[in-house]
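**Student:** Chains as they are written, first to last, in our numbering: chain A, 96 to 371; chain B, 8 to 299; chain C, 171 to 442.
All C-beta atoms, glycine included, are put in the ideal place defined by N, C-alpha and C.
My questions will all concern the structure given below.
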Amino acid sequence: MAFEIANIDGSADNAAEPSRPRKFLLRHASFMVGSLTILLLGLAWEFARPLGLPGLSRLPAPTAIVAASAELLHSPMFWEACYKSTLRIISGFCLAQIVGIPLGFIMATNRTIFNSAFPVAESLRPIPPVAWIPISIIFWPTREASTIFIVFLGAFWIVLLNTIGGVSTIDQTYRRAALSLGSSRGHLLRYIIFPATLPTIVTGMVISMGICWEMVVAAEMIAGDTGLGYLLWQSFEISATAQVLVCMFTIGLAGFLSSAAIRKLGRLLTPWSPNE
Amino acid sequence: MAKDARVQVETAPRSDGAGKLTAHARYRPILLQVFQGVVGLGIFFLLWYLLVDCFGVWRFKQLPHLVSSVREFLSRNPTYGVSLFTAEYYRHLWASIQRVAIAFVTAVTCGTSLGIALAWNRWFRAAVFPLLELARPIPILAWIPLVITLSPSRPASVIILTFLAAFFITTLNTMLGVRSIDEVYFRAARSLGFSDFAILRHIVIPGALPHIFVGLQIAMAACWFSLVASEIVAGTAGLGYKVWEAYYYVQFDTMTIMMATLGLCGYLSSMLVRRIGKALMSWREEMLGGLS
Amino acid sequence: MQGALSIRGARKVYDAKTAKVVALDSIDLDIAAGEFCAVVGPSGCGKTTLLNAIAGFDTLSRGDITLDGQSLASANASAPPDASRIVVFQNGALFPWRTVLWNVACGPIMQRRLTAVQANQQAMELLARVGLQDSANKFPGELSGGQRRRVEIVRALINEPKVLLLDEPFRALDALTKSVMQEYLIELLTYVPKTVFFITHDLEEAIFLGDKVVVFSSRPARIRQSVTIDIPKPRRHEILTSPRFLEIKAMLSGAIHEEALRAFTVGERELA
């Protein structure tokens, strides 16, 4: 099929002037195709067992999953798990910003500190945070603290790198303009450098939020006793596969919502930045 | 006065008459950088030694000791059977590297193909992309139970999970990369008589390569992350598995060795991806800075 | 000689959600074979829309475009883009990941008109004619703006198009490079005469380069004025201050300024 030079909204420039209902269909064509595919897959899954489809037949049918989710939504244990996980996410995330952003600034503006700290950071960073779980458990007095530490660690590296990157790529002209307008060093930092790096910091926030969920699930599954990750693993251990899928979906939804929330926050912080 | 002179030398590299920097002045900043880096690392190890081995401050005393870890790693007859000289070490190392290699290569192949297909054809994208977007927010580890249920064996599920992590990232980045190619290149190619295949080969792939390689570096890190996690949960051998086992049997020195090895592997693999990327995109290196 | 372009009643309407945007409003234009037609008008007025229709990247809502009697575009249909009408784009479309030589030679090779050896040879000859034979194995990113423009024009010409379409090609260059490039273009075209459709917002450039200057009004675009330039070619930059040049400029600048003012007050988006 020829590569479409057409517009993203689905209307090719070559389309003839169609009638009203046709226009509506064309404009929402992508949406309809997508929904149809999902619907068809859902149906195939539902009837996987009688149809004898290989993989999907081992899983509970969508209707069973919906039933399980209804059940789960009524249980306080589920909501407590959500609450616990969310709390850990918020703590780890905020800690990562609080520690990572200033440290990033310092490293990006002071060459000596950067040269000294960077090799250490680059040596520690490739170690997956999951591998830190045992150390975390040994070191921190409470299990909660060790879980939050893992979340923090995952997010921290992203925040640090993004902040350093953001500060070092500030257009020199901003700095020069400010200095020629009589700006002092502190003034420069606060009113010029910091806002100029905000878009990159915000990007770091959005990415690190995604990482946070990965980490919390990992930590809870491996070494936790409450939370969505733990619930997921428990459901697996007792072979409540429908529940497993509900948990998966819940975690995915929570991750999506939190990323969207951070992105919203980011737009509030940087109103001058054009939307992606 | 003499101090000022020294500072002056360090900040303004001296040049000979022809304008070239003297060798002395050229290498000075790099030497300084390396020196500071070494000092930084030194401080890190010193702190480790002081806080853990020497004084045992607060809970630091329960952490693995620097000295014993290093000694264990370098000894020919380690207490817990894992050191630079034992086969056990290499057995785990190889198990993990093998899995990452298989998963990464498969994920890159599938991911780039799917990403290009998604960017190329509007209808395919409309049908498949929503599915991807539904699956993507789910953390990789949340897939573990599902994958274990559906997969034939435990080592297979580790590879599948590692594959999944890299796959999603690669697909998305490839798709974004292709869509980020300026439309003007496609128009020019059409006018010049490029066939669909020629466009794919000469426009789409080279044009998306920068984006793809950024994605590959992230995917590599994700691979190691999910490898370790899935080895802990479902593995029978490998670096991640051994970290947990060592923790479980209170063999902290072995644990540290494994962690350090993981770090090194991650670093080297990312560097490898970066190098390959640089080689494939040599045209980027040649760009004149700033001239339009 | 081939390349007679004929545009009749060209009209283009965009259905931008609910408000219909009329980009072109009944354009009638004839460009004889080998004629250099310079189109001037305020930014965003529709000049590029017409160029896209000729090139095959876009369609017309109404009207016809024919090339040597063959239909290029009619209502909602367009002949696909091909080498008979090649475009030199405003911001350049040299493939940055291929060498200069590959960029120039790729057209004939892809169209299977020439073998690789022949194409490379021709490409080197053309590059030598614009003084860039030493840059053949460099990447476009290593060249300056003016050099890149030259390569792109050469890339267009090697495909022996019937019509050469240029969309504000010298816009991104500084004034000094621009004047050199203008002379270059004229010289090149004396060796290889072509029908040219040249878009610019610079009136002096249009008069200097064109055999005919056409003034487009602001959106919706209509032809406001059309003047034949009777200054003989090849032209050198000295003519920029000749009395005939200034006379022609005086004829056209009133209309241009009016259109520019109208576009300005309406707030046309600068097509950067």
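Does the Cβ of Gln267(A) have 16 or more other Cβ atoms within 10 Å, making it buried, or fewer, making it exposed?
**Tutor:** Along the first sequence, one-based indexing puts residue 267(A) at 172. Classification for Gln267(A): exposed.
**Student:** For Ile317(A), report the span of its alpha helix (DSSP H) as first-last.
**Tutor:** If you number the first sequence from 1, residue 317(A) lands on position 222. 289-318 is the extent of the alpha helix (DSSP H) around Ile317(A).
**Student:** Closest Cβ-Cβ distance between Thr207(A) and chain B: below 7 Å?
**Tutor:** Counting from 1 along the first sequence, the entry for residue 207(A) is found at position 112. Output row for Thr207(A): interface = yes.
**Student:** Would you call the region 391-406 of chain C in contact with the region 209-220 of chain C, where contact means no fewer than 3 C-beta pairs closer than 8 Å?
**Tutor:** Because the criterion of three Cβ pairs below 8 Å is met, the region 391-406 of chain C and the region 209-220 of chain C touch.
**Student:** Span of the beta strand (DSSP E) holding Ser196(C)?
**Tutor:** Numbered from 1 along the third sequence, position 26 holds the residue referred to as residue 196(C). Segment 189-201, the beta strand (DSSP E) holding Ser196(C).
**Student:** At which residues does the beta strand (DSSP E) containing Val362(C) begin and terminate?
**Tutor:** Residue 362(C) sits at position 192 when you count from the first residue of the third sequence. Element bounds for Val362(C): n/a, residue is neither H nor E.
**Student:** Which whole-angstrom value describes the C-beta separation of Pro229(A) and Tyr254(B), a residue pair presumed to lie in contact below a C-beta threshold of 8 Å?
**Tutor:** Indexing the first sequence from 1 puts residue 229(A) at position 134. Indexing the second sequence from 1 puts residue 254(B) at position 247. Yes, Pro229(A) and Tyr254(B) are in contact; Cβ-Cβ is about 4 Å, under 8 Å.
**Student:** Which word fits Tyr361(C), buried or exposed, when buried means at least 16 other C-beta atoms lie within 10 angstroms of its C-beta?
**Tutor:** To locate residue 361(C), count along the third sequence from 1; it is residue 191. Exposed, because fewer than 16 other Cβ atoms sit within 10 Å of the Cβ of Tyr361(C).
**Student:** Using a C-beta to C-beta distance shorter than 7 Å, which residues of chain A count as neighbours of Thr113(B)?
**Tutor:** To locate residue 113(B), count along the second sequence from 1; it is residue 106. By Cβ distance, chain A contributes nothing, its closest Cβ being about 18 Å from Thr113(B), past 7 Å.
**Student:** Is DSSP giving Tyr184(C) helix, strand or coil here?
**Tutor:** Taking the third sequence and counting its residues from 1, the one referred to as residue 184(C) is at position 14. Strand, per DSSP.
**Student:** Could you tell me which whole alpha helix (DSSP H) segments of length 4 or greater appear in the region 220-299 of chain C?
**Tutor:** Those alpha helix (DSSP H) runs which fall completely within the region 220-299 of chain C and span 4+ residues are 270-280, 286-299.
**Student:** Can you give the beta carbon distance from Gly316(C) to Thr347(C), rounded, assuming they're within the 8 Å contact cut?
**Tutor:** The count along the third sequence starts at 1 and reaches residue 316(C) at position 146. The count along the third sequence starts at 1 and reaches residue 347(C) at position 177. About 4 Å; that satisfies the 8 Å criterion.
**Student:** Could you check what DSSP says for Cys189(A) in three-state terms: helix, strand or coil?
**Tutor:** The residue given as residue 189(A) occupies position 94 in the first sequence. Cys189(A) falls in the helix class under three-state DSSP.
**Student:** Should Ala275(C) and Ala293(C) be called a contact, given that it needs their Cβ atoms to be closer than 7 Å?
**Tutor:** As a position in the third sequence, residue 275(C) is number 105, starting the count at 1. As a position in the third sequence, residue 293(C) is number 123, starting the count at 1. Yes, the Cβ-Cβ distance between Ala275(C) and Ala293(C) is below 7 Å.
**Student:** Starting from Ile147(B), find everything on chain A with Cβ-Cβ shorter than 7 Å and list it in chain order.
**Tutor:** The residue given as residue 147(B) occupies position 140 in the second sequence. Near Ile147(B) (Cβ distances below 7 Å), the residues of chain A are Glu309.
**Student:** Smallest Cα separation from Ala141(B): which of Met343(A), Val301(A), Leu364(A)?
**Tutor:** Here residue 141(B) refers to the residue found at position 134 when the second sequence is read from its first residue. The question names Ala, yet the displayed sequence has Leu at residue 141(B). For the residues Met343(A), Val301(A), Leu364(A), the minimum Cα distance to Leu141(B) belongs to Met343(A).
**Student:** Is the Cβ-Cβ distance between Ala126(B) and Arg186(B) less than 7 Å?
**Tutor:** Position 119 of the second sequence, counting from 1, holds the residue named residue 126(B). Position 179 of the second sequence, counting from 1, holds the residue named residue 186(B). Yes. Within cutoff.
**Student:** Roughly how many angstroms separate the alpha carbons of Ser334(A) and Ile184(A), rounded to a whole number?
**Tutor:** Stepping through the first sequence from its first residue, residue 334(A) is reached at position 239. Stepping through the first sequence from its first residue, residue 184(A) is reached at position 89. Approximately 27 Å, taken between the alpha carbons.
**Student:** Find the residues of chain B that neighbour Arg238(A), judging by a C-beta separation of less than 9 Å, and give them in chain order.
**Tutor:** Along the first sequence, read from residue 1 onward, the residue named residue 238(A) stands at position 143. Chain B residues near Arg238(A): none, gap ~14 Å exceeds 9 Å.
**Student:** Report yes or no: is there a C-beta of chain B within less than 7 Å of the C-beta of Ala263(C)?
**Tutor:** Along the third sequence, read from residue 1 onward, the residue named residue 263(C) stands at position 93. Closer than 7 Å: yes.
**Student:** Residues of chain C with a CB under 7 Å from the CB of Ala126(B): which are they?
**Tutor:** Reading the second sequence from its first residue, position 119 is the one you call residue 126(B). Those do not exist, as Ala126(B) stays about 17 Å from chain C at its closest Cβ, beyond 7 Å.
**Student:** In three-state terms, what does DSSP make of Phe80(B)?
**Tutor:** Here residue 80(B) corresponds to residue number 73 of the second sequence, with the count starting at 1. Note: Phe80(B) maps to helix in three-state DSSP.
**Student:** So Leu111(B) and Met265(B) are supposed to be a Cβ contact under 8 Å. How far apart are they, rounded?
**Tutor:** Position 104 of the second sequence, counting from 1, holds the residue named residue 111(B). Position 258 of the second sequence, counting from 1, holds the residue named residue 265(B). The sequence shown places Phe at residue 111(B), not Leu. Between Met265(B) and Phe111(B) the Cβ distance is about 20 Å, and since that is not below 8 Å, they are no contact.
**Student:** Using DSSP bridges, identify the partner residues of Ile177(C).
**Tutor:** The residue labelled residue 177(C) in the question sits at position 7 within the third sequence. According to DSSP, which records beta bridges pairwise, Ile177(C) is partnered with Leu199(C), Ile235(C).
**Student:** To which residues does DSSP link Ile201(A) through a beta bridge?
**Tutor:** Along the first sequence, one-based indexing puts residue 201(A) at 106. Answer is none; Ile201(A) lacks a bridge partner.
**Student:** Tell me the residue span of the beta strand (DSSP E) that contains Ile393(C).
**Tutor:** The residue you call residue 393(C) lines up with position 223 of the third sequence. Per DSSP, Ile393(C) belongs to the beta strand (DSSP E) from 393-398.
**Student:** Which residues in the same chain as Cys177(A) place their Cβ atom closer than 8 Å to its Cβ, once the five residues preceding and following it in sequence are excluded?
**Tutor:** Here residue 177(A) refers to the residue found at position 82 when the first sequence is read from its first residue. Only Leu323, Thr345, Ala349 meet the Cβ criterion.
**Student:** Is the CB-CB distance between Pro137(B) and Gly129(A) below 7 Å?
**Tutor:** As a first step, residue 137(B) is located in the second sequence; it is residue number 130 there, counting from the start. As a first step, residue 129(A) is located in the first sequence; it is residue number 34 there, counting from the start. In this structure, Gly129(A) lies closer than 7 Å to Pro137(B) by Cβ.
**Student:** Express the C-alpha separation of Gly245(B) and Thr261(B) in angstroms, rounding to a whole number.
**Tutor:** Along the second sequence, one-based indexing puts residue 261(B) at 254. Along the second sequence, one-based indexing puts residue 245(B) at 238. Rounded to whole angstroms, Thr261(B) to Gly245(B) spans 13 Å at the Cα level.
**Student:** In whole angstroms, what is the alpha-carbon distance linking Val301(A) and Cys207(C)?
**Tutor:** In the first sequence, the residue the question calls residue 301(A) occupies position 206. In the third sequence, the residue the question calls residue 207(C) occupies position 37. Taking the straight line from one Cα to the other gives about 52 Å.
**Student:** Going along chain B in order, which residues have a C-beta closer than 8 Å to the C-beta of Val257(C)?
**Tutor:** To locate residue 257(C), count along the third sequence from 1; it is residue 87. Correct list: Arg194, Ala195, Ser198.
**Student:** Please go through the same chain and pick out, in chain order, the residues whose beta-carbon is closer than 8 Å to the beta-carbon of His427(C), but skip the five residues on each side of it.
**Tutor:** Your numbering for residue 427(C) matches position 257 in the third sequence. Correct list: empty, nothing qualifies.
**Student:** Is it true that the CB of Phe170(B) sits closer than 7 Å to the CB of Thr4(B)?
**Tutor:** One cannot answer for residue 4(B) here, as it falls past the ends of chain B, which runs 8 to 299.
**Student:** With a CB to CB cut of under 6 Å and the five nearest residues on each side skipped, what residues in its chain are close to Ala97(A)?
**Tutor:** Taking the first residue of the first sequence as 1, we reach residue 97(A) at position 2. Confidence at Ala97(A) is low in this model, with a pLDDT of 38, below 50, so its placement is unreliable and the value that follows should be read with caution. Here the set comprises nothing.
**Student:** Tell me which residues share the same chain as Leu255(A) and place their Cβ nearer than 8 Å to its Cβ, disregarding the 5 neighbours each side in the sequence.
**Tutor:** For the purposes of this step, residue 255(A) is identified with residue 160 of the first sequence, where counting begins at 1. So the list reads Gly195, Leu198, Gly199, Met202, Ala216, once near-sequence residues are dropped.
**Student:** Comparing alpha-carbon positions, which option in Leu138(A), Leu146(A), Thr181(A), His123(A) lies nearest Gly347(A)?
**Tutor:** Within the first sequence, residue 347(A) is the residue found at index 252, counting from 1. Gly347(A) has its Cα closest to that of Thr181(A), out of Leu138(A), Leu146(A), Thr181(A), His123(A).
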